[in-house]
Amino acid sequence: MVTDNINRATVHRILRVDHAGEYGANRIYAGQMAVLGRSSVGPVIQKMWDQEKDHLKKFNELMVTFRVRPTILMPFWNVAGFALGAGTALLGKEGAMACTVAVEESIARHYNNQIRTLMEEDPEKYEELLQVIKKFRDEELEHHDTGLEHDAELAPAYAVLKRVIQAGCSTAIYLSERF
Numbered sequence: 031m032v033t034d035n036i037n038r039a040t041v042h043r044i045l046r047v048d049h050a051g052e053y054g055a056n057r058i059y060a061g062q063m064a065v066l067g068r069s070s071v072g073p074v075i076q077k078m079w080d081q082e083k084d085h086l087k088k089f090n091e092l093m094v095t096f097r098v099r100p101t102i103l104m105p106f107w108n109v110a111g112f113a114l115g116a117g118t119a120l121l122g123k124e125g126a127m128a129c130t131v132a133v134e135e136s137i138a139r140h141y142n143n144q145i146r147t148l149m150e151e152d153p154e155k156y157e158e159l160l161q162v163i164k165k166f167r168d169e170e171l172e173h174h175d176t177g178l179e180h181d182a183e184l185a186p187a188y189a190v191l192k193r194v195i196q197a198g199c200s201t202a203i204y205l206s207e208r209f
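Residue numbers (this note's numbering): 31 to 209.
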């Protein structure tokens, strides 16, 4: 991946927040698996989690390549992610899937914003990073659809739960880009 002649501030911000987001997603799925891992929806959650593990691995590599420091909020995302995953899973599979829908919808929107930023700056210069982000965005949208297929909308107070989780995602994105 090309590291010369790039807008370092933009790339560092993107990689820092995406790394934090994929770490948080891993913690959410870990929390869901702790509660629902042996249930009928366990294999579905595990499949999504396995993809998130691949995303995190790739961002770990990119953080080293571009010499980006992680957000100082990683310890908080560790606990908050697990608590969100386990907490929504305690509402049943519908709660876990509602969490998945809310988070993945937020992340797909966030990835689309990053794609726009990089395309406006120089699509050729950022071609490899764009490919990574587009691939991961598409997989996040698959997770979103999986959540809907597994009764996310039947979760207790679905609309409120979704809005609260998405507000948390927006806050996490804002903070992780900056700190």
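C-beta atoms are modelled at their ideal positions from N, C-alpha and C, and glycine is treated no differently. It should be emphasised that the depicted structure is a prediction, and the values quoted were computed from it without experimental measurement.
Non-local C-beta neighbours of Y156 in its own chain, meaning closer than 7 Å and more than five positions away in sequence, comprise L148, ordered along the chain. If you draw a straight line from the Cα of A39 to the Cα of A126, it is about 35 Å long. DSSP places Y156 in the coil class of the three-state scheme, outside both helix and strand.
Closest by C-alpha distance to Q62, out of G115, L121, L205 and K77, is G115. Between the alpha carbons of K192 and A128 lies a gap of roughly 7 Å.
Judged by beta-carbon spacing, G111 lies within the 8 Å limit of G54, meaning their Cβ atoms are closer than that value.
Looking from the CA of D34, the closest CA among E207, E91, R139 and T95 belongs to T95. For the pair A185 and L121, the CB atoms are nearer than the 8 Å cut-off.
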